[in-house]
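The next block holds one structure in the form of C-alpha cells; read it before the comments.
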Amino acid sequence: MTSAVTSTPRRPRFGYRINAVGVAGALIVLFWIVVAFAAPAIIPHPIGEIVDTDYFGPMSRELWLGSDYLGRDMTSRILMGARYTLGISVAAVIIAGVSGVTLGMIAAITGGAVDMVLSRFLDALNSIPSKLFSLVVVAAVGSSIPVLIVTMAVIYIPGAYRFARALAVNINTMDFVVVARIRGESLFYLIRAEILPNIIGPVMVDLGLRFVFIVLLLSGLSFLGLGVKPPYADWGALVRENIGGLPYAAPAVIVPSLAIASLTIAVNLLIDNLPTKIRDREAS
Numbered sequence: 679m680t681s682a683v684t685s686t687p688r689r690p691r692f693g694y695r696i697n698a699v700g701v702a703g704a705l706i707v708l709f710w711i712v713v714a715f716a717a718p719a720i721i722p723h724p725i726g727e728i729v730d731t732d733y734f735g736p737m738s739r740e741l742w743l744g745s746d747y748l749g750r751d752m753t754s755r756i757l758m759g760a761r762y763t764l765g766i767s768v769a770a771v772i773i774a775g776v777s778g779v780t781l782g783m784i785a786a787i788t789g790g791a792v793d794m795v796l797s798r799f800l801d802a803l804n805s806i807p808s809k810l811f812s813l814v815v816v817a818a819v820g821s822s823i824p825v826l827i828v829t830m831a832v833i834y835i836p837g838a839y840r841f842a843r844a845l846a847v848n849i850n851t852m853d854f855v856v857v858a859r860i861r862g863e864s865l866f867y868l869i870r871a872e873i874l875p876n877i878i879g880p881v882m883v884d885l886g887l888r889f890v891f892i893v894l895l896l897s898g899l900s901f902l903g904l905g906v907k908p909p910y911a912d913w914g915a916l917v918r919e920n921i922g923g924l925p926y927a928a929p930a931v932i933v934p935s936l937a938i939a940s941l942t943i944a945v946n947l948l949i950d951n952l953p954t955k956i957r958d959r960e961a962s
C-alpha cells in the first residue's frame, strides 16, 4: 500500500531568493569598492611617475595594463581612478538622497504652502538640463572635488524629492499615520517612525539608479576636461587623456571605458535582481 506524500516548496533560509545575476552584479560592485578603499596601498607605481619610455605601451609583465600617453602606469591610474569615481559619486548621491528624501517627506506630511513652494522650486531646478547646469557651474567656479560633489548632488536632489514625496503622500494617508498625528506626534517622529521605514526600500533602489546617472555625468564632465584635476584622474578623465590611442587599440583608452561600463552595468544588474521584499515592503 502506498501513500501519497505532498511536499511544499522549501522557503529560502533568510526569506530571500538568491539570483545568480544579482550576485554577480554585487560581486563586481564589491570589487570596485574594495579597490577604491585599497588603491593607495596596492598601486605598483605613483600615478604621476613616468615608467615607460614609449607611449601607449602594450600590456606586459611589468605594466599589466600598459602605459598612457605620457608613459605612466595605467594599472596605478585606473586603481586610483576608481577611488575618485566612486568617492565623488557616492558622496553626491548621499547628499542628494538625504536632502531630497527629507524634503519630500516634509512636503508630503506638511502639505499646503510648504509643499507648493518646495515642489515649484525643485521643478524649476529640474527643468534645467543637467549637463548644461554642471558645465556652467564647474566652468565658472572650477573643477575641485567639493564643487563636483555639490554640483551633481544639486542636480539630482529634485528627482529624489519627487520620488520620495510620491511615496510619502501615499503612506501619509494610512490609518497608522493618522492615529499618530491625532496623538500629537511631532513632524520628526512621523518622518522617523512612520514614513521613512515604509519607503526606505524603494528609496534605496532609486538612489542606486541615481548613483549610475552620477557616475555617467561625472565621466562626461571629465571627458570634457572639467573633472578631477591632473595628475589625478577619474575614469572619464583617463578616457579623455588617452583618446589618441584609440586607433591603436591601446589599453590606456579601452580599459577605463570598460571600468565605467562594468560598474554601471553591475549596479543595474544588482538593482534589477534585488529580492521583492527589499524593493517593495508591502510584498509578502
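Residue 741 in my numbering sits at position 63 of the sequence shown; the count goes up by one each step and never skips. For glycine and all other residues, C-beta sits at the position ideal for the given N, C-alpha and C.
Endpoints, alpha helix (DSSP H) assigned at residue i
i	result
R750	Looking at the DSSP string, R750 is not in any alpha helix (DSSP H), and its letter there is neither H nor E.
I860	D853 to I860
A939	P929 to D950
G700	A698 to I720
N848	I823 to N850
A911	Looking at the DSSP string, A911 is not in any alpha helix (DSSP H), and its letter there is neither H nor E.
Nearest candidate by alpha-carbon position, reference residue i, set the options
i	options	result
V771	A831, D801 and G726	A831
R888	S864, T942, G735 and T753	T942
P909	V699, I756, A702 and I949	I756
S822	D793, G922, S940 and G905	G905
L810	M794, T829, D793 and L800	T829
D793	G735, F734 and Y839	Y839
F709	G749, L743 and A760	A760
T851	S940, G744, E872 and V814	E872
V768	V816, P824 and A915	P824
G744	Y762, A858 and P722	P722
G820	K907, V881 and G898	K907
Y926	P736, I720, A704 and A719	P736
S777	G837, A802, A702 and S900	G837
V713	L764, A698, S738 and A702	L764
A939	V890, L899 and S900	V890
L899	L705, V814 and I711	V814
Residues sharing a beta bridge with residue i, DSSP
i	result
S805	Answer is none; S805 lacks a bridge partner.
I728	R750
S897	Paired residue(s): none; S897 is not in a bridge.
S745	D751
CB contact flag (residue i, residue j, <8 Å)
i	j	result
S812	I784	no
G912	L896	Per the sequence shown, residue 912 should be read as Asp rather than Gly. Yes.
A937	Y747	no
L741	T731	no
A774	I835	yes
A842	I892	no
N951	G789	no
L826	I869	no
K729	G703	Note on identity: in this sequence residue 729 is Val, with Lys being the wrong assignment. Against a cut-off of 8 Å, the Cβ pair of G703 and V729 comes out as no contact.
L803	L781	no
A717	M758	yes
Where residue i falls, given that 16 or more other Cβ within 10 Å makes a residue buried
i	result
E960	Summary for E960: the model assigns pLDDT 47, below 50, so the residue's position carries little reliability; its value from the coordinates is reported in the next sentence. Exposed is the call here.
S681	Its pLDDT being 48, under 50, S681 is placed unreliably in this model, and the coordinates cannot settle the point.
N920	buried
E661	Residue 661 lies beyond the stretch modelled for the chain, which goes from 679 to 962, so this question has no answer here.
F866	exposed
V779	buried
D884	buried
V917	buried
D751	buried
V945	buried
L948	buried
I725	buried
P934	buried
A846	buried
Y733	buried
I860	exposed
F692	Low local confidence applies: a pLDDT of 49 at F692 is under 50, so the model's placement there is unreliable, with the coordinate-based value given in what follows. Label assigned to F692: exposed.
V707	buried
L800	buried
A928	buried
V857	exposed
Contact with chain B by residue i, beta-carbon distance below 8 Å
i	result
I756	Considering every chain present, this structure includes no chain B. It has just one protein chain.
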